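Chemist:
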């Protein structure tokens, strides 16, 4: 079993890096004791909420992938949806379990707002987790790339290997932005079941 996390801090710069490092430490420590992603995110929220001034938050997805069965169990704390693409077709679906960002609400409210989802990846299926820097990429007309364009692009390239998908996506985003400077960082995780 492998823990997989992606997150995005509401701030920029040094404070954002500090907060993400803090949360990464929380996740590593908590994942050793607990196997439920919703519990791990709930405990992470509790620690973050107690130790950081209000107004700072992190959107995050934390999940556990069982490489033997192909099952991925995850919880979402206000982050972008997860995209599941089916390898045997050109279809996909968004996975959006409920949840609010880490640090936005106290423990009890966070726990009542978060849910888990479990999916099974079949051979050829692709699971994609990403930060908002991709759909929010702007062109010269101040238009966002958008979730629909992102899903269509990824669906059209589902047959490629993950590293190739990332290269092609980076090229497509650069074409979209033209000479615009990226306003947000970008992170993407692509998991393909063989």
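Residue numbers (my numbering): 196 to 389.
Ideal Cβ placement from N, Cα and C applies to all residues, glycine included.
Here the structure is a predicted model, which is why all the values come from computation and not from measurement.
(1) Taking Cβ to Cβ, would you say residue 243 is nearer than 8 Å to residue 218?
(2) Count the CB pairs spanning the segment 344-352 and the segment 297-306 that are closer than 8 Å, and state whether there are at least three.
(3) Can you tell which of 276, 291, 368, 262 has the C-alpha that lies nearest to the C-alpha of residue 386?
(4) For the pair the segment 223-238 and the segment 276-290, tell me if three or more CB-CB distances fall below 8 Å.
(5) Starting from residue 320, trace the beta strand (DSSP E) in both directions and tell me its first and last residue.
(6) Rounded to the nearest angstrom, what separates residue 221 and residue 272 at their Cα positions?
(7) What does a CB cutoff of less than 6 Å around residue 274 pick up in its chain, not counting 5 residues either side in sequence?
(8) Return the bridge partner residues of residue 288 from the DSSP annotation.
(9) Whose C-beta lies closer than 6 Å to the C-beta of residue 371 among residues of the same chain, with five residues either side of it excluded?
(10) Between which two residues does the beta strand (DSSP E) holding residue 203 run?
(11) Any idea which residues DSSP pairs residue 257 with across the strands?
(12) Grab the span of the alpha helix (DSSP H) containing residue 309 for me, first residue to last.
Modeler: This is what the structure holds:
(1) Taking the C-beta atoms as reference points, residue 218 is found nearer than 8 Å to residue 243.
(2) Using a Cβ-Cβ distance cut-off of 8 Å, the segment 344-352 and the segment 297-306 are not in contact, since fewer than three pairs of beta carbons, one from each stretch, lie closer than that value.
(3) When only C-alpha atoms are compared, the closest one is 262.
(4) In short, these stretches do not touch, since the Cβ pair count stays below three.
(5) That residue, residue 320, is in no beta strand (DSSP E); it is neither H nor E in DSSP.
(6) Residue 221 and residue 272 have their C-alpha atoms some 15 Å from each other.
(7) Contacts found: 254, 255, 256.
(8) Residue 288 pairs with 279.
(9) Apart from sequence neighbours up to five positions away, the residues of its chain that approach residue 371 with a beta-carbon distance below 6 Å are 332, 334, 340, ordered along the chain.
(10) Here the beta strand (DSSP E) through residue 203 covers 197-204.
(11) For residue 257, the pairing in a beta bridge is given by DSSP as 200, 270.
(12) No alpha helix (DSSP H) holds residue 309; DSSP gives it neither H nor E.
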